[in-house]
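Data first, discussion second: the structure below is written as structure tokens.
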Amino acid sequence: MFEKGQRIRASLIFFFLFAFLLTLTIRLAYLQIVRSPELQGKAQNRWKPIKIEPQRGIIYDRRMRKLAISLSLNSLYARPKEIENKEKIAEKLSLILKKNPSPILEKLNREKNFVWLARKIPKDLAEEIKGLNIEGIGLTEESKRLYPKGSFACHLLGFAGLDDQGLEGIELLYNQYIKGTPGWILSTRDARGRSVLSGEYRFYPPSGGYDIILTIDESIQHIAERELEKVYKEQGARSATIIVMDPKTGEVLALANQPSYDLNRFEDYPSYIWRNQAVTDLFEPGSSLKIVTAAAALAEDVVKYEDRFYCENGVLRVSKDHVVHDINKYEWLTFSEVIEKSSNIGTIKLGQRLGPLKLYEYLRSFGFGSLTGVDLPGEVRGILRKPREWSDLSMAALPIGQEISVTAIQLATAASAIANGGVLVRPRVVKAVVSKEGRVVKEFEPTSIRRVISQETAYRLTDILKGVTLKGTGTRAQVPGYEVAGKTGTAQKIDPKTKKYSQDKTTATFLGWVPADDPRILILVVVDEPKGLPYEGRMVRYGGLIAAPVFKEVAQRTLRYLNVPPGKSPTGEIIRVSLSDMDLRVQEIEIESREKMPDLNEKSMRETFRILSNYDLKPNFIGSGQVMRHDPPPESPLEGIKECTVWFASR
Amino acid sequence: MKKISSHLGLFLITLALISIGIIMVYSASAIISLERYNDPYFFLKRQMAWVFLGLVGMFFAARVNYRALPKLLKPLLLLTLFLLILVLFPQFGKEVAGARRWLRIGDFTLQPSEITKLILILYMADTLSRKKEKIKDLVYGFLPPLIILGTIFILILRQPDLGTALIILVVILGMLFVSGVRLRHLFSLFLVALPGIWLLINKVGYRKRRILAFLDPWSDPLGDGYQIIQSLIALGSGGILGRGLGEGTQKLFYLPAPHTDFIFAILGEELGFLGGVAVIILFGAFIYFGARIARRAPDLFGSLLALGITTWIGLQAMINIGVATGTLPTKGIPLPFISFGGSSLIFSLMGVGILLSISLQSHARQER
Chain A
36 MFEKGQRIRA SLIFFFLFAF LLTLTIRLAY LQIVRSPELQ GKAQNRWKPI KIEPQRGIIY
96 DRRMRKLAIS LSLNSLYARP KEIENKEKIA EKLSLILKKN PSPILEKLNR EKNFVWLARK
156 IPKDLAEEIK GLNIEGIGLT EESKRLYPKG SFACHLLGFA GLDDQGLEGI ELLYNQYIKG
216 TPGWILSTRD ARGRSVLSGE YRFYPPSGGY DIILTIDESI QHIAERELEK VYKEQGARSA
276 TIIVMDPKTG EVLALANQPS YDLNRFEDYP SYIWRNQAVT DLFEPGSSLK IVTAAAALAE
336 DVVKYEDRFY CENGVLRVSK DHVVHDINKY EWLTFSEVIE KSSNIGTIKL GQRLGPLKLY
396 EYLRSFGFGS LTGVDLPGEV RGILRKPREW SDLSMAALPI GQEISVTAIQ LATAASAIAN
456 GGVLVRPRVV KAVVSKEGRV VKEFEPTSIR RVISQETAYR LTDILKGVTL KGTGTRAQVP
516 GYEVAGKTGT AQKIDPKTKK YSQDKTTATF LGWVPADDPR ILILVVVDEP KGLPYEGRMV
576 RYGGLIAAPV FKEVAQRTLR YLNVPPGKSP TGEIIRVSLS DMDLRVQEIE IESREKMPDL
636 NEKSMRETFR ILSNYDLKPN FIGSGQVMRH DPPPESPLEG IKECTVWFAS R
Chain B
43 MKKISSHLGL FLITLALISI GIIMVYSASA IISLERYNDP YFFLKRQMAW VFLGLVGMFF
103 AARVNYRALP KLLKPLLLLT LFLLILVLFP QFGKEVAGAR RWLRIGDFTL QPSEITKLIL
163 ILYMADTLSR KKEKIKDLVY GFLPPLIILG TIFILILRQP DLGTALIILV VILGMLFVSG
223 VRLRHLFSLF LVALPGIWLL INKVGYRKRR ILAFLDPWSD PLGDGYQIIQ SLIALGSGGI
283 LGRGLGEGTQ KLFYLPAPHT DFIFAILGEE LGFLGGVAVI ILFGAFIYFG ARIARRAPDL
343 FGSLLALGIT TWIGLQAMIN IGVATGTLPT KGIPLPFISF GGSSLIFSLM GVGILLSISL
403 QSHARQER
């Protein structure tokens, strides 16, 4: 409600607004009706844009070593209207460019303000032309993508096409960041494409894209690629893949596939070789998947270390016409031995204790059947059917890694969860996006997805997996001076003709991490259809024989490169003796002090676990970090006591 | 028109303007969206989401009795000042073409000056309606609101965003004028401010160039005159009937910001003089209903509030159209309800909600 004076003043304001609106209407009518023909004419005389591609950003490894760069090349243009003696100039240019003068002259004679004479010419030629200092001839910078190391990290980097668009790998996925914004050359023309009056010309320079810093380490990638190529060639394999990652952060340190290709000549290779098999191709993992079956069984408390499994002397009939074999015949094996010796029959029985629903739950939880979310293009989910779609034979297949298809990155990520103490992390290839000025545009922190097993379960399983390389199927993966936890895999491939598992086509894998108790690296080696090696008088294609040595070589060199100090227990032939010595010693201590509670204060969870495994106590762990206190307290008698509780806290 | 209630009329006009906005944002942005984001609907999808949020905000504001709003004023005013200061820091403010006007919030951005307009109008309407006669006094009446206005004006200038700062200045001075401030106070303020404005324009290179370019755009057709010329070419090539929806060519490369500040030029090119006049008439009708709501509001607070919101939206629309038609020098200001942009859309719609609430309240009183 306004008072009288206010009402008059308000009316004045609104009157002013309406007057303004009327002015605008008149102005609009003037532009769109009176001046329309003239302005329409101008629209046709306007600037013809010529796009100049910007320089793509550099791709660095984690230590700022250049893996993909853009070269500045010069392109030569002319503004024909400003050129006087066209024949002579065409002649001069043709000498430098080593080209026929007539097409150059033809371009110079065009009635245009702007023509390209030559695109992307070498620097020395450009300098020479610049030296001539001809009126109406100019040079601009254009860029060309170059991969200095050819096929190095080809499946990771991917490549940019001729139009500087990312087409594969990081170049594709991070194209938005890498590509930069284009520049323009504007020149005028009329409706018929002829030049107009003054012939103006303008240059807006392009601005370069952001740089990418990978989690990849060039040196480790080098080691991995060399060893992978060796096994691929020696074994005449169909293909091969290696992934080296930091299991704690999910950072991929190296990733390579064979066959590989030269990024600078990508168009000379068939496009299936461009695919990054580690994320796009599926395989049946076979025995290496047993780590998940074992993890589930331990986590669900359906098995103890010393539980024994009857391994049916190597032959288990699961249905009328389906028999599961073990490579070696066993009768009774403890739980740890089932894993160490990779008994299929033992693992199937372990799976039966879990039941289909639990097994499925853990496989899902470890990330099978879903994307890991790695920042590489073309990742596939893999195949993990739901329990209600399983057949009668599924429970004799899934626990040992059949009837399931995985990608290499999935398998490495799942194993990382065991190696790092139970947390599934998202694997990553890019660490950060930075601008030319050094500003961080985007940084990718380690992301944990979920806890899949407890820390305790992860440690128990790691202990068993150490046995695989000490006395089981994976002894060839031993790295002198370090403890290795790992698992071999030898998956028979289904023959497309007979639809049955083939005897001589296999996928040989090795999956392991080192140092086992505090892993710095986790390595997965997959060799598809190896030719095999002679062993005990016949050709075999076991993961432990073909993939494990690759692991050993890569791990050994990488640990040395990373300056990881050797652990307390050396390995090799001598070691097994010393290990049994240690076992004896532990038992002695055990007998001595079994009646009293040991002092666990300030011990780590892993140490606590190891000490307590010598006692007949059921431990309850609360919290994480180092031991704060425990019940019963140190030195108290243990007679009649069946349980103990330990509280942890981190400092 | 007398038979239509003000709130129904205002609501329908707003809906019409929003619909034109959605269509034009899509038409103007499809090509750049495709080029930049590989998705022609990139801007359209966002605009639709903001229309939805804005409509929810509008209905909410319309349901609330506007007299309850002053209770929230103090914290809101403080929040506004805080945001305006925060945006000046490089850690929080996102810089686009030399100006820090947007706060980064995750993947989205918020333009604090858009909230400021609404909050400051609310604050002024509240203070002025409570001061009544005292407003004629210089020290107790005129100066206190002027200090708040001055602080906010300077903060927005620091971004820098002269266009928004001037809109706020004019709208608030209009409210002061209507509420009964002595003319000689206003006039002396104008005399004091004059050298300041002259400095603002002359000291900052780009502003001076923009004014010069405005006076003679063709003197530097590829530099400062570029946007104006391209906008005029767009309007001129539209003619009376336009090239047809989606047929415009200026948006392809020639006119920067085709879906934001210069959307009216694209509208004029594609829908012609008729389309442009339709939009002007819609804004005229908006002002008409806004003025009616101000006149019929049950109290002075409501009247001043309605006046402030109506002048804000009306003035902003006219300045935007003025820039696009080369009637005014270039200022980066969105066309209310039509230009792409979340902050502008959401807070303009909240403003409409408050207008609706005032109208609904006066209606309820008449019926009693």
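In order, the protein sequences belong to chains A and B. For the first sequence, my numbering gives the first residue as 36, with consecutive numbering after it. For the second sequence, my numbering gives the first residue as 43, with consecutive numbering after it. Beta carbons: idealized from backbone N, C-alpha and C, even for Gly. If you're wondering where the values come from, they're calculated on a predicted model, not measured in any experiment.
Neighbour list for residue i in chain A, Cβ cutoff strictly below 9 angstroms
i, result
"B:P154", "What B:P154 touches in chain A: nothing, since even the nearest Cβ is about 23 angstroms away."
"B:L160", "Correct list: empty, because the minimum Cβ distance to chain A is about 19 angstroms."
"B:I214", "Here the premise fails: no neighbours, minimum Cβ distance about 12 angstroms."
"B:I329", "F49, L52, F53, L56"
Buried versus exposed, by CB contacts within 10 Å (16 or more), residue i
i, result
"A:T533", "exposed"
"A:V514", "buried"
"A:L232", "Note that A:L232 scores a pLDDT of 41, beneath 50, so its modelled location is shaky; the value from the coordinates is reported in the next line. With fewer than 16 other Cβ atoms within 10 Å, it is exposed."
"A:M99", "exposed"
"B:V67", "buried"
"B:G395", "buried"
"A:D246", "buried"
"A:Y397", "buried"
"A:E518", "buried"
"B:F124", "exposed"
Whole-angstrom C-beta distance between residue j and residue i, which should lie under 8 angstroms
i, j, result
"B:I361", "B:I375", "6 angstroms"
"B:I322", "A:T60", "5 angstroms"
"A:L428", "A:V358", "Rounded, the Cβ-Cβ distance is 11 angstroms, inconsistent with contact."
"B:G318", "A:L63", "5 angstroms"
"B:F328", "B:G310", "With 8 angstroms as the limit, B:F328 and B:G310 do not qualify as a contact, their Cβ atoms being about 19 angstroms apart."
Neighbour list for residue i in chain A, Cβ cutoff strictly below 7 angstroms
i, result
"B:G280", "Q67"
"B:A333", "F49"
"B:P340", "M36"
"B:G314", "Q67"
"B:G356", "L52"
Beta-carbon spacing of residue i, residue j below 8 angstroms
i, j, result
"A:I248", "A:A467", "yes"
"A:G23", "A:G547", "The shown model of chain A, from 36 to 686, leaves out residue 23 of chain A, and the question about it has no answer."
"B:T353", "B:V213", "yes"
"A:A331", "A:K376", "no"
"A:L108", "A:K165", "no"
"A:L356", "A:I380", "Correcting the residue type first, residue 356 of chain A is Asp in the shown sequence and not Leu. Cβ atoms of A:D356 and A:I380: not closer than 8 angstroms."
"B:A348", "B:A339", "yes"
"A:T442", "A:L317", "yes"
"A:G524", "A:G271", "no"
"B:T291", "B:S381", "no"
"A:I104", "A:L181", "yes"
"A:N655", "A:E678", "yes"
"A:D252", "A:R97", "yes"
Proximal residues of chain B, C-beta to C-beta of residue i below 7 angstroms
i, result
"A:Q41", "V220, S221, G222"
"A:R595", "The contacting residues do not exist; A:R595 stays about 42 angstroms from chain B at best."
"A:R70", "G278"
"A:Q75", "G278, S279"
"A:A520", "Correct list: empty, because the minimum Cβ distance to chain B is about 40 angstroms."
"A:R62", "T367, T369"
Residue i Cβ short of 7 angstroms to the ligand GDP heavy atom set
i, result
"A:T643", "The ligand GDP is absent from the structure shown, which contains no ligands of any kind."
Listed by chain order, chain A residues near residue i by CB distance under 8 angstroms
i, result
"B:M360", "L52, F55, L56, L59"
"B:R337", "F37, R42, A45"
"B:S345", "M36, F37, Q41, A45"
"B:G326", "F53, L56"
"B:L349", "A45, I48"
message: Going residue by residue through the stretch 391-442 of chain A, where are the continuous alpha helix (DSSP H) segments of at least 4 residues, counting only ones entirely within it?
response: 391-400
message: For a minimum of 4 consecutive residues, which ranges assigned as the alpha helix (DSSP H) are wholly contained in the stretch 141-196 of chain B?
response: 154-173
task: Write down every uninterrupted run of the beta strand (DSSP E) in the stretch 45-127 of chain A whose length is 3 residues or greater and which is fully enclosed by it, in chain order.
output: 82-87, 101-113
- request: Return the chain-ordered ranges of every beta strand (DSSP E) run that is complete within the stretch 153-192 of chain A and spans a minimum of 3 residues.
  value: 172-181
Length at least 4, wholly inside the stretch 218-256 of chain B: the alpha helix (DSSP H) runs in chain order: 225-245
query: Enumerated in chain order, which unbroken segments of the alpha helix (DSSP H) with a length of 4 residues or greater are wholly contained in the stretch 540-606 of chain A?
result: 578-581, 583-596
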